[in-house]
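Data block below; observations after.
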Amino acid sequence: MSILVTRELEKHTKIRSSNLFISASFSCGSQVDKVGIFEHLALRPFIISRVEGVITTDFVGFRNPRVYHNATLPRYRRLFSRQEDNPRSLREIHAGMFTANAKIIKSGGSEPDQFEASISNALLELEMNSDLKSHLRELYITKAKELETNNKKSIIIYVPMPKLKAFQKIQTRLVRELEKKFSGKHVMFVGERKILPKPTRKTRTKNKQKRPRSRTLTSVYDALLEDIVYPVEIVGKRIRVKLDGSQVIKVHLDKNEQTNIEHKVDTFASVYKQLTGRDVTFEFPESYV
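Per the UniProt record's numbering, the very first residue in the sequence shown carries number 1; after that it's consecutive.
Written out as structure tokens, the structure is:
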């Protein structure tokens, strides 16, 4: 099968078969195979999840290159076009894919900025040069921010919700390695959640599905707080309402983790304030048991 795919590529492009290394681990059917033949081109985390189209028995449109011409991202549309003027070898393609953009997929297909590219590049280096390769291979981020907190910069990395649990399994090790790479800046991983507006009389008829509890502002902000302090467990929470109507949230963290996390609580409070506009303080109360 791989030989046939190679011949089809060679027929409709000017890439020589000697420069091709195509995986045949895909199936022809009615839906896009998101792992597909580009597994070894390092396109899986960056492009394949964005491909729109139909896979036919003509091997993903190699008999009709316009399928991929219309399917892939604009910067890669010319790769499988008949009008390829400057053919690119697999080495050039492979080197281009293992760039700073390999571990980030932004919503809407927009290009990452320079800072996000540096985060993606750091994750890619960890994947290639550490024992985290098996864990990071299927993971990617959606965006990253750098916030100024207490005269010190912090890094907020957003990850897709389906991948959050997988990130949290290696988060302790991942945070330690990234903080080394970025000169001791505090690094936090949070899930990219969406807040749906409260339904009104006009919008109830438009929205067929009832707004899930997990999409409310309160639920998203509570989950964000848990992500920021992870892996420390929140054991209690108090809300203090002042005379002027302002609120301060007092969060009780696990006393056993105080020595490991106490130097970061000011950063946590500042980051949460900037992301949500809510004041929060962290405490480590004694256990009542």
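Quick reminder that beta carbons are idealized off the backbone N, C-alpha and C, glycines included.
If you draw a straight line from the Cα of residue 230 to the Cα of residue 199, it comes to about 32 Å.
When the five nearest sequence neighbours on each side are left out, the beta carbons in the same chain lying within less than 6 Å of the beta carbon of residue 248 are those of 240 and 279, in order along the chain.
Beta bridge pairing from DSSP links residue 253 with 234. With a beta-carbon spacing of about 17 Å, residue 226 and residue 255 fall beyond the 8 Å limit used to define contacts.
DSSP places residue 122 within a helical segment (H, G or I) once states are collapsed to three. Contact between the stretch 124–134 and the stretch 156–164 is absent, with fewer than three C-beta pairs closer than 8 Å.
Annotation: residue 276 is outside any beta strand (DSSP E); the continuous alpha helix (DSSP H) that includes it extends over 265–276. Under the 10 Å beta carbon count, residue 103 is surrounded by 16 or more other beta carbons and is classified as buried. With fewer than 16 other Cβ atoms inside 10 Å of its own Cβ, residue 235 counts as exposed. For the 8 Å CB-CB criterion, residue 185 and residue 179 form a contact. Taking C-alpha positions only, residue 108 is separated from residue 142 by approximately 10 Å. Beta-bridge annotation (DSSP): residue 143 is paired with 158.
Residue 224 and residue 145 have their C-alpha atoms spaced approximately 15 Å apart.
Shown here, residue 103 sits in coil according to DSSP, grouped into three states, outside any helix or strand.
Within a 10 Å sphere around the beta-carbon of residue 218 sit fewer than 16 other beta-carbons, which makes this residue exposed. With contacts defined as CB atoms closer than 8 Å, residue 151 and residue 270 fail to qualify as a contacting pair.
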